[in-house]
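Note that this note's numbering gives residue 257 to position 112 of the sequence shown, counting from 1, and the numbers run on in steps of one.
No residue lacks a Cβ here, since even glycine has one placed at the ideal position from N, Cα and C.
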Amino acid sequence: MPVEKRKETYRVGMIGCGGKGTGHARTYQTHPATEVVAGCDPDPEQLERFCRAFKVPGYTNYEEMLRKERIDIAAPILPVSANPDVVVGCTRFPSVKGIQSEKPLAASLADADRMVQACRDRGIKFAAGDMDRNIHNYWDAKKLIDEGAIGEVKSIHILYGSGLEISGGGCQFLSLARLFASDADVDWVIGWMAKDPWSDYDQGAAGYIRFANGIECFMTRTANPKNGVEVLGTQGALHSDIYRIQMWRLPAERRGESVAAVGMANREKITAGFLDVNIWPRAGEHDEEGWAIYPRNYNTVQSLVDALDKNIEPRSSGDNGRKVLEIGIGLRESHRSGMTPVHLPLSDRSLRMMPYWDRMYARKEQMGRERYYKGINYQWKGFEQPAVGS
């Protein structure tokens, strides 16, 4: 699909040309403010496929790419094991203005700290994760809440739960909780892990999070019929099942009364163009050029473009990535200490949480070539299925 680019675009260098990197690159390619100008991957087969798809030069060393190309946005879409060193390495190149990595940004708090600090020292906008938090509908809803739509926010319920991942998929919901708590610091947490609290490997968690502004957050570990995220205020509520956002409040003539006295049975629905609509339009479909459509990814790229254009923080910043990792580790540390309160920030920055293998290490090496390509060929129908045994 031809895209009319604006006069000055941000030049993007992709570092990691596998399935997720290809998805990010397609969004950068079709965004009017960005253009993919180079790709880097140590796997020659993966790199060749990427360069053929995007018609850009390829490199096997990201530092060589950053030396030879004028890159504004470095996008290391990498396994967690490689991510910290590459993100920090990208900050050493003068042309780099923004960095986009994936989630979780690191396994250890020490690595997360040095990534965030390296970007701050250079004034680089650091975005971490293709996150639900980047979707504009949530920010539009937060603006309504700030204007008093549901009264004063008192509690947040993460109803979907972390499953067996708190640092991976679970960080999506922790990031939304932080958004609706106005990104306040966390005072303390009480939590428990799904299995062995003494393991450093991610297993999923549940618990209680107390924000410094008094907002409480309760998180389940397993899914339930309601699912999603709920924000409860003194005069109303928000609920997102991840596909749609709905909001309710007490009727105008009764808003001065307590919710307990009136009851939400008397609630009225808040209507706005961004509410109660599918926030994942065409997800799972392919466009006219055969590329898979990722609505959230467009919001993720837009967030970094806005950060660069307006000199603001990305919606899902590296600092947010660090703080949700710390919440997850804090919940585990509470379990280790007999489910007692654990105060944040954690003093021991060597603490870590190892994500699932398919986040921690290169998937192609773990899955095998044939299975790996079979899994990512939905990205672009122009990719050919590799021959069995070739």
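In this structure, Phe356 is the residue among Arg215, Phe356, Asp451 with its C-alpha nearest to the C-alpha of Lys299. Scanning its chain for C-beta atoms nearer than 7 Å, with the 5 sequence neighbours on each side dropped, one finds around Ala294 the residues Gly381, Met392, Arg394, Ile415, in chain order. Contact annotation: Leu211 and Gly161 have beta-carbon atoms that are not nearer than 8 Å. Taking C-alpha positions only, Asp454 is separated from Asp266 by approximately 19 Å. Minimum Cα-Cα distance from Glu153 among the listed residues Thr167, Glu180, Ala326 corresponds to Glu180. Each of Glu208, Asn206, Tyr207, Cys185 was checked against the Cα of Arg197, and the nearest Cα belongs to Cys185. Secondary-structure assignment with DSSP links Gln391 through a beta bridge to His384. Of Tyr518, Val374, Phe419, Lys468, the smallest CA-CA separation from Trp333 is found for Lys468. Per DSSP, the continuous beta strand (DSSP E) segment holding Gly336 begins and ends at 331-338. Excluding the 5 residues flanking it on each side, Glu478 has same chain C-beta neighbours closer than 6 Å at Val487, in chain order. Glu433 and Val446 have their C-alpha atoms some 21 Å from each other.
Residues of the same chain with a CB within less than 8 Å of the CB of Ile521, apart from the 5 flanking positions on each side, are Gly163, Gly164, Thr167, Phe528 in chain order.
The beta carbon of Ile269 lies closer than 7 Å to those of Thr236, Val241, Lys242, Gly243, Ile244 in the same chain, with the five residues before and after it left out.
In terms of CA proximity to Tyr523, Ala428 leads the group Val450, Ser495, Ala428.
Boundaries of the alpha helix (DSSP H) harbouring His281: 281-291, taken from the DSSP string.
Counting only unbroken stretches of 4 or more residues, the alpha helix (DSSP H) elements lying wholly within the segment 312-378 are 315-325, in sequence order. For the pair Ile424 and Pro370, the Cα-to-Cα distance works out to about 20 Å. DSSP places Val487 in the strand class (E or B) of the three-state scheme. Counting other Cβ atoms within 10 Å of its Cβ, Trp343 stays below 16 and is therefore classed as exposed. Arg197 carries a helical assignment under DSSP once its states are collapsed to helix, strand and coil. Taken through DSSP and simplified to helix, strand or coil, Ala183 comes out as strand. A distance below 8 Å between beta-carbons, with the five flanking residues on each side excluded, links Gly313 to the following residues of its chain, in chain order: Lys248, Pro249, Asp347, Pro500, Tyr501, Arg504. The beta carbons of Ile390 and Leu420 sit closer together than 8 Å.
Ala294 sits in coil when the DSSP states are folded into three classes, being neither helix nor strand. Rounded to whole angstroms, the separation of the alpha carbons of Ala263 and Gly203 is 26 Å.
Distance from the CA atom of Ile301 to the CA atom of Thr485, rounded to whole angstroms, is 21 Å.
DSSP places Lys509 within a helical segment (H, G or I) once states are collapsed to three. One Cα belongs to Leu383, the other to Val376, and the distance between them is close to 5 Å. The alpha-carbon of Ile218 is positioned some 15 Å away from that of Val201. One alpha carbon belongs to Ala273, the other to Ser482, and they sit about 30 Å apart.
Around the beta carbon of Arg151, a 10 Å sphere encloses fewer than 16 other beta carbons of the protein chains shown; the residue is thus reported as exposed. Annotated three-state conformation of Ala437 is strand, per DSSP. Counted as a single uninterrupted DSSP element, the beta strand (DSSP E) harbouring Ile160 occupies residues 155-160.
Scanning Tyr443, Ile335, Asn358, Tyr305 for the CA closest to the CA of Ser385 turns up Tyr305. At the C-beta level, Met276 and Val233 stay beyond 8 Å of one another. Closest option to Met498, judged by alpha-carbon separation, among Gly473, Asp341, Gly373: Gly473.
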